[in-house]
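S.K.:
Residue numbers (the numbering used here): 1 to 479.
(1) Could you tell me whether the Cβ atoms of residue 126 and residue 30 are closer together than 8 Å?
(2) State whether the region 206-223 contacts the region 179-190, with contact taken as three or more CB pairs (one from each stretch) at a distance under 8 Å.
(3) Alpha carbon to alpha carbon, what distance is there between residue 116 and residue 332?
(4) What are the residues that DSSP puts in a beta bridge with residue 477?
(5) Any idea what DSSP makes of residue 427, helix, strand or coil?
(6) For the alpha helix (DSSP H) containing residue 143, name the first residue and the last one.
(7) Considering only residues of the same chain and omitting the five flanking positions on each side of residue 298, which have a CB-CB separation below 7 Å?
(8) Between the region 229-241 and the region 312-322, can you find at least three pairs of beta-carbon atoms closer than 8 Å?
(9) By Cβ distance, which residues of its chain are closer than 6 Å to residue 269, with the 5 residues on each side in sequence left out?
(10) Rounded to the nearest angstrom, how far is the Cβ of residue 304 from that of residue 243, given a contact under 8 Å?
(11) Quick check on DSSP: helix, strand or coil for residue 400?
(12) By Cβ distance below 6 Å, which residues in the same chain neighbour residue 109 in space, the five residues on each side in sequence not counted?
(13) Less than 8 Å between the CB atoms is what I'm expecting for residue 414 and residue 36, so what's the real figure, rounded?
(14) Going by CA-CA distance only, name the one from 436, 453, 437, 367 that's closest to residue 461.
(15) Grouping DSSP H, G and I as helix and E and B as strand, with all else coil, what is residue 2?
(16) Which stretch, first to last residue, makes up the beta strand (DSSP E) that contains residue 459?
(17) Helix, strand or coil: which one does DSSP assign to residue 288?
(18) Would you mind giving the Cβ-Cβ distance between residue 21 and residue 72, rounded to the nearest angstrom? I have them listed as a contact below 8 Å.
(19) Can you list, in chain order, the residues of its chain with a C-beta nearer than 7 Å to that of residue 159? Leave out the 5 residues immediately preceding and following it.
(20) Let me confirm a value: residue 157 is counted as buried when at least 16 other C-beta atoms fall within 10 Å, else exposed. Which label applies?
(21) What residues are listed by DSSP as bridge partners for residue 466?
(22) Taking buried to mean at least 16 other C-beta atoms within 10 Å of its own C-beta, is residue 469 buried or exposed?
(23) Count the other C-beta atoms from every protein chain shown that fall within 10 angstroms of the C-beta of residue 423, then say buried if there are 16 or more, exposed otherwise.
(24) Mapping DSSP to helix, strand and coil, what is residue 383?
(25) Using the C-alpha atoms, what's the distance from residue 92 back to residue 439?
(26) Which residue's Cα is closest to the Cα of residue 75: 370, 18, 49?
(27) Pick out the complete alpha helix (DSSP H) segments inside the region 181-234, 4 residues or longer, and give them in chain order.
(28) Residue 412 to residue 230, Cα distance in whole Å?
(29) Taking only heavy atoms of the ligand COA into account, decide whether any of them is closer than 7 Å to the Cβ of residue 237.
(30) If you count every other CB in all the chains shown that lies within 10 Å of the CB of residue 323, and 16 or more means buried, which is it?
(31) Do you know how far the Cα of residue 396 is from the Cα of residue 431?
(32) Residue 410: buried (16+ other C-beta within 10 angstroms of its C-beta) or exposed?
(33) So is residue 64 buried or exposed if we call it buried at 16+ other beta carbons inside 10 Å?
(34) Considering only C-alpha positions, which residue in the set 452, 359, 435, 447 is nearest to residue 441?
(35) Is it a yes or a no for the region 45-52 touching the region 142-150, going by three-plus beta-carbon pairs under 8 Å?
(36) Run through DSSP, which three-state label would residue 32 get?
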């Protein structure tokens, strides 16, 4: 059976990302999502449940591969899968907009433009909530383009809406964009059934979100809309966010986005306006938000997915047209940053004195923890930050139980109750002997009431004759 070109490219992309991700240690956030996957629930403190559900699903279904449950290869298997799905769907969208079957080399050129939105490459091998979100957004874009061209893709609206909103709360923006695409661009006869499909997927995604939040005093939603995005106006912070985007996405992305916004006239092929309808809400929210509150650089990457589609369409015309310089600049910019990221992750020691500014610091050292403590007295482990507790949980899986203390209401059910303290509040009284773990990023020591704590040997990771990681361990006993 001959596979279509877009599928071959998606499979190749999957292989590259999985091989790359399998050779690196687990990041703090990935370790946290892995820990959540060991205690499945309707939701979690900071995100909807899709990322944890995905890790648990792939661990169950692909256990026959014989990979350890806490291995990078198995944890990042769904990351490579979602990234390949995203690329495949965007290539299908490009092909739809071209209104013809595109040859392999043409689609390969489009894939180069899409993956050269370099911020997407940087994160596409890590198992984070953005990856199922990207796949959901790509599904909604593909479905919206198809319905604008008179095709039936209701199932894609259902699945895309469910996947987007159940991955990150910001998925509601893509759902709104899909609704606008249906109302403005779909043939009148198909609008009701397509809107119904979007609503069905949204309601299905809302059920676990509302069930979990109702049981935890709406903690995750309040965190998203009050704590995370609270702050004061700052020109400096907002401009810094856009400078970072200029670097991550590439300067050409902004030019193409501006051109797309100017060219919308409501004429021509209905599907051609879809990327713009997905671009505008994301830019309005995540492009303005940094001026009013703290931000994370990857939040705005979802806005560049529709721009990547436009770049892919332009690549089909080849690199000999009027946009040749722009396209080549974009491709080489993204490829250069991709190679730079590989070098930083595998070969280069940043030499940063502050470990919180070293983007590779959390990827090394934790895998050696179990070997380091082999032969020690068996007792539960405790971390006071989700980063350190999660990393210890992955490293000591099957060896010793790990929990997070203290923890608030929204984190209450994410971690096991090991009965080591009389509460989960700060300064709780220690009831049983434990090991307490921290690192040189989050180095606060134990804070138990009624405890004697002795610092044990520190696990140090040396890279290029420089200590780049310290894992700090205390043995604590009730007084």
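Don't be surprised by glycine CBs; every beta carbon is placed ideally from N, CA and C.
M.R.: So, from the listed chains and residues:
(1) yes
(2) no
(3) 8 Å
(4) 452
(5) coil
(6) 130-148
(7) 119, 123, 130
(8) no
(9) In this prediction, residue 269 has a pLDDT of 45, which is less than 50 and means its spatial position is unreliable; what the coordinates show is noted afterwards. No residues qualify anywhere along the chain.
(10) Going by Cβ atoms, the distance from residue 304 to residue 243 rounds to 15 Å, so no, they are not a contact pair.
(11) coil
(12) 315
(13) 6 Å
(14) 367
(15) coil
(16) 459-463
(17) coil
(18) 6 Å
(19) 139, 201
(20) buried
(21) 463
(22) buried
(23) exposed
(24) strand
(25) 45 Å
(26) 18
(27) 191-215, 219-222
(28) 24 Å
(29) With respect to small molecules bound, the structure shown includes none, and the ligand COA cannot be examined in it.
(30) buried
(31) 22 Å
(32) buried
(33) exposed
(34) 359
(35) no
(36) helix
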